[in-house]
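Chains as they are written, first to last, in this note's numbering: chain H, 14 to 234; chain F, 9 to 597.
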């Protein structure tokens with residue numbers, strides 16, 4: 014279920030970024046295509062959430078949840094792409110590579126989910142859309158950048174690779190940082206915690222006068 | 009003097025520019041980045057403010073951040089120490105989160121804007137709330153009450169503001185209640201318990217409360233008790249928000265109120281558990297109101313002020329605001345259009361102007377329209393490219409056409425002028441519809457908002473006609489100016505205003521003066537001439553999970569993706585001609 018929810022979140026975030034791309038592009042055809050693509054991604058997100066809700070609490074809740082509980086952005090969207098800074102060419106190249114990768118991943122899930130036909134049908138449905146997305150992004154990339162579309166595609170692939178490295182590196186750094194801070198928590202903090210708890214016990218409840226020293230706006234504390 | 013105010017890093021980041029004592033522009037980052045409740049450093053909002061006012065960063069006299077980062081860090085660290093060893097999971101996350109960016113605000117601002125560090129100032133979080141509430145209100149002397157989840161340490165402050173036209177301003181916070189004792193945290197904890205999103209969905213608890221009975225007030229009062237000095241204290245045995253970021257309520261809380269709602273389960277008010285959740289919502293709402301009324305009443309007796317300025321996220325609770333107005337002894341209650349953290353950007357800048365630089369008092373224009381303007385020409389171009397039916401109208405014709413649309417049961421996306429600052433759509437980025445039939449409410453819920461059935465829609469009415477349809481107490485029309493109060497719909501009109509009447513017979517009404525939004529006012533008049541009732545359903549122009557639209561292109565893309573029939577931006581009118589989205593994909597390509 015968690016996996017389905019994560020897929021749902023990614024699809025919905027991707028939909029948000031595509032919507033943004035549709036609102037930013039000056040090309041009318043691309044605007045329409047991005048919009049259709051964004052609606053597809055939102056629908057995919059709803060399909061994943063509905064299936065997750067089905068698994069969690071039965072079918073009666075699913076339709077309501079899928080509609081009434083759209084997750085808000087967690088910020089990742091299209092691989093942390095800053096849509097506002099992309100050109101039509103780089104956006105299309107990126108989308109093509111991303112859709113291709115998603116399609117191959119979803120195809121694997123579809124194949125291993127033979128024991129779960131309802132979820133398999135969702136992946137089938139989504140894969141159909143992904144094919145369209147892959148096709149239109151490539152066609153449009155060739156249209157807007159007939160000379161350099163291959164270079165753009167390679168650049169998009171390298172960019173995804175770099176982003177993947179950054180994600181792994183920052184996750185690793187997060188784990189190391191967390192471990193060091195946890196160690197400090199247990200080694201350094203205990204005496205301060207004791208003092209702090211004693212001070213808290215002496216604090217009166219209710220209203221307190223406001224500290225007059227804080228009218229100085231140059232201070233950060 | 010040019011002062012930039014910034015709020016960021018918690019939720020709903022924003023920037024505001026004050027020039028010679030008056031705000032000239034303000035916008036939330038989410039409206040530009042298109043990420044709902046975007047808390048990131050509001051670079052786009054700052055750029056827009058400076059560009060639109062023609063101000064270069066180096067010519068700013070000061071940049072004011074809305075809270076003191078180191079004091080906030082002090083609270084976070086102290087809270088972790090006090091909860092030792094239960095806070096061991098929270099500690100690394102809190103430290104990484106805070107030390108990663110949030111305490112280095114001075115450097116961030118300086119490096120982004122190229123402003124010398126000495127020009128960067130810091131107000132306290134609740135000073136910013138207080139300033140946003142008092143310095144923007146049309147009053148000379150008022151008591152001030154701010155309440156939210158938490159700022160640095162304070163969660164509620166009480167004070168007094170006085171200003172002389174062209175003279176000096178004083179804004180004194182007399183006392184405060186400190187974290188972890190917090191009305192905002194109490195309400196947020198119940199929000200989480202009821203399966204909604206903390207810091208976003210508190211208004212759903214208020215809507216749900218209308219369906220319940222406050223049968224569990226005694227239980228809620230075990231969780232929050234009054235102190236002898238008239239304040240309150242949370243019984244921390246029932247909470248976990250001070251020990252972990254993972255959950256707000258403890259096992260004892262669940263023992264007291266029963267199993268929490270699974271966010272995946274819809275609330276079915278026909279079932280026992282659905283009614284229990286509604287009763288819990290009604291109970292916490294009642295306790296919140298009782299405390300606020302009591303605290304406000306005591307403040308009124310202490311200061312003798314006739315006006316009250318309310319600030320902080322808790323001031324978004326329109327039901328509580330209406331009770332404060334009716335029962336605390338204040339004649340008028342002012343709530344700014346952005347009482348939450350976004351509004352602190354304006355508050356911080358005004359506080360610095362009046363109290364740090366000691367500039368003369370100036371009246372602040374009494375409207376919420378500080379954001380980017382909409383362009384009808386942009387809409388015309390985009391819609392024409394898509395083969396939509398576009399009509400450019402004269403001023404009167406656009407109002408007539410919209411009134412006709414509304415009379416025929418069409419839903420109108422309405423964009424005009426500058427974007428609202430704050431969470432409410434107050435007539436410049438609104439979805440408008442006829443308010444008479446409950447079927448219209450259901451249609452908007454189903455085709456546009458995709459939201460829970462128990463949530464009501466708000467009406468907008470000309471201020472002169474408001475009293476005819478709504479039971480407004482003295483000062484009620486003022487409180488309703490920015491949709492800050494919930495008032496009863498008069499019984500004889502409830503059937504004719506079914507789409508905006510909540511189950512308990514109330515509505516979060518907006519009273520509109522002609523000068524604030526002349527075109528919407530004219531539309532209400534025209535609609536009143538045709539229908540006999542100059543009231544419209546007014547809901548924010550966005551889809552679920554998205555920020556309110558800003559530019560014409562965002563209104564247009566929203567228009568295409570939902571059940572809005574007609575889109576109006578400035579003098580451009582677009583009638584939906586089949587949905588682009590119902591075409592086969594291959595046709596589009």
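Ideal placement from N, C-alpha and C gives every residue a C-beta, glycine not left out.
- Across the structure, residue 106 of chain H and residue 43 of chain H are spaced so that their CA atoms are roughly 13 Å apart.
- Counting C-beta atoms within 10 angstroms of its own C-beta, residue 104 of chain H has 16 or more neighbours from the protein chains shown and is therefore classed as buried.
- Cβ contact annotation for residue 105 of chain F (same chain, cutoff 7 Å, sequence separation greater than five): none.
- Residue pairing by DSSP puts residue 10 of chain F in a beta bridge opposite F:27.
- Taking 9 Å as the Cβ-Cβ cut-off, the region 178-207 of chain H approaches chain F at 187, 190, 191, 192, 193, 194, 195, 197, 198, 199, 202, 203, 205, 206 and 207, given in chain order.
- Taking C-beta atoms as the reference points, residue 96 of chain H and residue 30 of chain H count as a pair closer than 8 Å.
- Nearest C-alpha to residue 66 of chain H among H:14, H:51, H:223 and H:55: H:14.
- Beyond the five residues adjoining it in sequence on each side, residue 261 of chain F comes within less than 6 Å, by CB distance, of 246 in the same chain, given in chain order.
- Contact between residue 216 of chain F and residue 194 of chain F does not hold, since the beta-carbon distance rounds to 16 Å and is not under 8 Å.
- By the CB criterion at 8 Å, residue 514 of chain F and residue 499 of chain F fall outside the cutoff.
- Burial check for residue 36 of chain F: the Cβ neighbour count within 10 Å reaches 16 or more, so the residue is buried.
- The DSSP-derived three-state label of residue 33 of chain F is strand.
- DSSP, reduced to helix, strand and coil, places residue 257 of chain F within a strand of the structure shown.
- Between residue 336 of chain F and chain H, the shortest Cβ-Cβ separation is not below 8 Å.
- By the criterion of a C-beta distance shorter than 8 Å, residue 450 of chain F is surrounded in its chain by 461, once the five residues flanking it on both sides are discounted.
- Here residue 242 of chain F has 188, 189, 190, 193, 194, 231 and 232 as same chain residues with Cβ atoms under 8 Å from its own Cβ, once five neighbours each way along the sequence are excluded.
- Secondary structure of residue 582 of chain F (DSSP, three-state): strand.
- Contact annotation: residue 160 of chain F and residue 90 of chain F have beta-carbon atoms that are not nearer than 8 Å.
- Listed by position along chain F, the residues whose Cβ is nearer than 7 Å to that of residue 140 of chain H form an empty set, because the closest Cβ is around 14 Å away.
- Taking a cut-off of 8 Å for Cβ pairs, the region 506-525 of chain F and the region 553-562 of chain F do not touch, as fewer than three such pairs fall below it.
- Where residue 150 of chain H is concerned, there is no enclosing beta strand (DSSP E), although the alpha helix (DSSP H) around it starts and stops at 130-157.
- Assignment of beta-bridge partners to residue 397 of chain F by DSSP yields F:583.
- As the crow flies, the alpha-carbon of residue 289 of chain F is around 10 Å from that of residue 223 of chain F.
- With the rule of 3 Cβ pairs closer than 8 Å, the region 132-141 of chain F does not count as touching the region 110-120 of chain F.
- Around residue 185 of chain F, the beta-carbon contacts reaching into chain H at under 8 Å are 219, 220 and 221.
- For residue 23 of chain H, the three-state secondary structure derived from DSSP is helix.
- The residues 166, in chain order, have a CB closer than 6 Å to that of residue 183 of chain F in the same chain once the five nearest residues on each side in sequence are set aside.
- For residue 56 of chain F, the closest Cβ of chain H is not nearer than 8 Å.
- DSSP, read as helix, strand or coil, puts residue 500 of chain F in helix.
- Taken in chain order, the unbroken stretches of alpha helix (DSSP H) that lie wholly in the region 437-489 of chain F and span 4 residues or more are 446-452, 471-477 and 484-487.
- In the three-state reduction of the DSSP assignment, residue 373 of chain F falls in the coil class, being assigned neither a helical nor a strand state.
- Counting only the Cα atoms, residue 146 of chain F lies some 12 Å from residue 487 of chain F.
- Residues of the region 162-175 of chain H with a Cβ closer than 9 Å to any Cβ of chain F: none.
- Ranked by how close their Cα comes to the Cα of residue 330 of chain F, the residues F:379, F:481 and F:266 have F:481 in first place.
- Rounded to the nearest angstrom, the Cβ distance from residue 304 of chain F to residue 336 of chain F is 4 Å, consistent with a contact under 8 Å.
- The Cβ of residue 449 of chain F sits no closer than 8 Å to any Cβ of chain H.
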